[in-house]
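To start, the structure under review is shown below, and the notes come after it.
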Amino acid sequence: MSAEASVGSHAANSAQSAVSQPVFQSTVEDRHQGLLGSKYVKLNVGSSLHYTTVQTLTKEESLLQSICNGGTEVNIDSDGWVILDRSGRHFGIILNFLRDGSVPLPDDHRELDEILKEAQYYRVQGLIQHCLTAMQKQKDIFESVCRIPMITSAKEEQRMIATCRKPVVKLQNNRGNNKYSYTSNSDDHLLKNIELFDKLVLRFNGRVLFVKDVLGDEICCWSFYGEGRKIAEVCCTSIVYATEKKQTKVEFPEARIFEETLNILIYENGRRSGPGGLHLLDSRGPGSSCGAGQSEEEGAVGGGGDRRVRRIHVRRHIMHDERGHGQQTVYKD
Numbered sequence: 012m013s014a015e016a017s018v019g020s021h022a023a024n025s026a027q028s029a030v031s032q033p034v035f036q037s038t039v040e041d042r043h044q045g046l047l048g049s050k051y052v053k054l055n056v057g058s059s060l061h062y063t064t065v066q067t068l069t070k071e072e073s074l075l076q077s078i079c080n081g082g083t084e085v086n087i088d089s090d091g092w093v094i095l096d097r098s099g100r101h102f103g104i105i106l107n108f109l110r111d112g113s114v115p116l117p118d119d120h121r122e123l124d125e126i127l128k129e130a131q132y133y134r135v136q137g138l139i140q141h142c143l144t145a146m147q148k149q150k151d152i153f154e155s156v157c158r159i160p161m162i163t164s165a166k167e168e169q170r171m172i173a174t175c176r177k178p179v180v181k182l183q184n185n186r187g188n189n190k191y192s193y194t195s196n197s198d199d200h201l202l203k204n205i206e207l208f209d210k211l212v213l214r215f216n217g218r219v220l221f222v223k224d225v226l227g228d229e230i231c232c233w234s235f236y237g238e239g240r241k242i243a244e245v246c247c248t249s250i251v252y253a254t255e256k257k258q259t260k261v262e263f264p265e266a267r268i269f270e271e272t273l274n275i276l277i278y279e280n281g282r283r284s285g286p287g288g289l290h291l292l293d294s295r296g297p298g299s300s301c302g303a304g305q306s307e308e309e310g311a312v313g314g315g316g317d318r319r320v321r322r323i324h325v326r327r328h329i330m331h332d333e334r335g336h337g338q339q340t341v342y343k344d
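In our numbering, the protein residues as written are 12 to 344.
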């Protein structure tokens, strides 16, 4: 071979080597260093297109920063779009948080949970903490809502009282369960009992489970439970024997109801009443006075050391019901 031919062959090999070397660099370095020299980045996130800067993506240590720094391999298509195989529904929130350091979050719990999952995938710690704080606030608001169960069956009531670790106060009201007419103040007193129930729910929400029963036999009756058993009962109805007919009277013993609600707090958090609590519960024995014309206590002490169940009923009496100032009123126990 001549010297001229040898030189020509060497030049051709050099040219071919010079052409092939950049091709190799473009396929590998595009994945590792292609974003390092760029100012802008085109992202295709689940067919959702986003155009942003490398400065935004690298503001916080995250998967996106690792992609820009070449620490994580990515696929780049022929048009220069970085392909991310994720849903692009909430990716805009990710970018806005990186841009501003804060972003408004939706109130919907499901959407908030989806954003949290995306933030965890991209390892954006600031947004993760932001989502967790918002979820905790929602949980606190949800727990502060007063929820009053409604009794639908006797079995449900028994199971609810037996499994509840908190004291239970039940208001049974069934105005339609009455075969007599009502006295003039009965409707007003019935509404006052319901209003007091609502006020007690607001005051002791979280400490006592309040339930309503509109299926029972009593027209208006309060029941107080602790440790799965009935502790006290306040019945607010009585029969009035008028001159020619019977009437149903509803009372509003507000002080006594409030007192029994405070007494039931002894059983809060499953605590036993102990000697002091037992003394408080039984401080009013069968022979103690309850106030003339107000209420009377009935109860029996069971065997085996069972404590007394206090039953407070409105005193039954015979009277001419508030219809004649000149007629004599006779009381009878």
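Just so you know, even glycine gets a beta-carbon here, dropped at the ideal spot from N, CA and C.
Based on Cα-Cα distance, which residue from the options lies nearest to residue i?
i, options, result
"R186", "Q169, D228, I172 and K148", "D228"
"H101", "R170, L123, N184 and S49", "L123"
"V222", "R158, L201 and E265", "R158"
"Q140", "L116, K210, E279 and W233", "L116"
"Y51", "G91, V85 and E72", "G91"
"A173", "Q147, I230, A145 and Y236", "Y236"
"A130", "K150, D151 and L106", "L106"
Does the beta carbon of residue i come closer than 8 Å to any beta carbon on chain B?
i, result
"T194", "The question asks about chain B, but that chain is absent: this structure has only one protein chain."
Rounding to the nearest angstrom, what Cα-Cα distance links residue i and residue j in this structure?
i, j, result
"E279", "Y191", "40 Å"
"D209", "V179", "14 Å"
"E206", "F108", "48 Å"
"S249", "V261", "7 Å"
"P264", "C232", "11 Å"
"L226", "S59", "56 Å"
"G112", "V85", "25 Å"
"L202", "S234", "17 Å"
"N188", "K128", "54 Å"
"G57", "E238", "56 Å"
"V110", "D224", "Looking at the sequence itself, residue 110 is Arg, so the reference to Val does not match. Their Cα atoms are separated by approximately 55 Å."
"R97", "N55", "9 Å"
"C142", "D118", "11 Å"
"I78", "E72", "11 Å"
"K150", "T69", "33 Å"
"I275", "R240", "11 Å"
Buried or exposed: residue i, going by 16 or more other Cβ atoms within 10 Å of its Cβ?
i, result
"Y62", "exposed"
"H120", "exposed"
"D199", "exposed"
"G82", "exposed"
"R176", "exposed"
"I349", "Lying outside 12 to 344, the shown extent of the chain, residue 349 is not represented and no answer is given."
"E183", "Note that residue 183 is Gln in the sequence shown here, rather than Glu. Buried, since its Cβ has 16 or more Cβ neighbours within 10 Å."
"T144", "exposed"
"R321", "buried"
"R273", "The amino acid occupying residue 273 in the given sequence is Leu; Arg does not appear at that position. Classification for L273: exposed."
"G302", "With a pLDDT of 37 at G302, under the threshold of 50, the modelled position of that residue is not reliable, and no figure is offered here."
"L213", "exposed"
"S197", "buried"
Throw me the rounded Cβ distance for the residue i and residue j pair, which I believe falls under 8 Å.
i, j, result
"L75", "Y133", "6 Å"
"A253", "E271", "No, A253 and E271 are not in contact; Cβ-Cβ is about 30 Å, not under 8 Å."
"C247", "N204", "6 Å"
"M171", "P160", "7 Å"
"V65", "S49", "6 Å"
Stretch-stretch touch, CB-based, cutoff 8 Å, three pairs: the region 95 to 113 with the region 164 to 181: no
Taking contact to mean at least 3 C-beta pairs separated by less than 8 Å, is the region 212 to 221 in contact with the region 255 to 262? no
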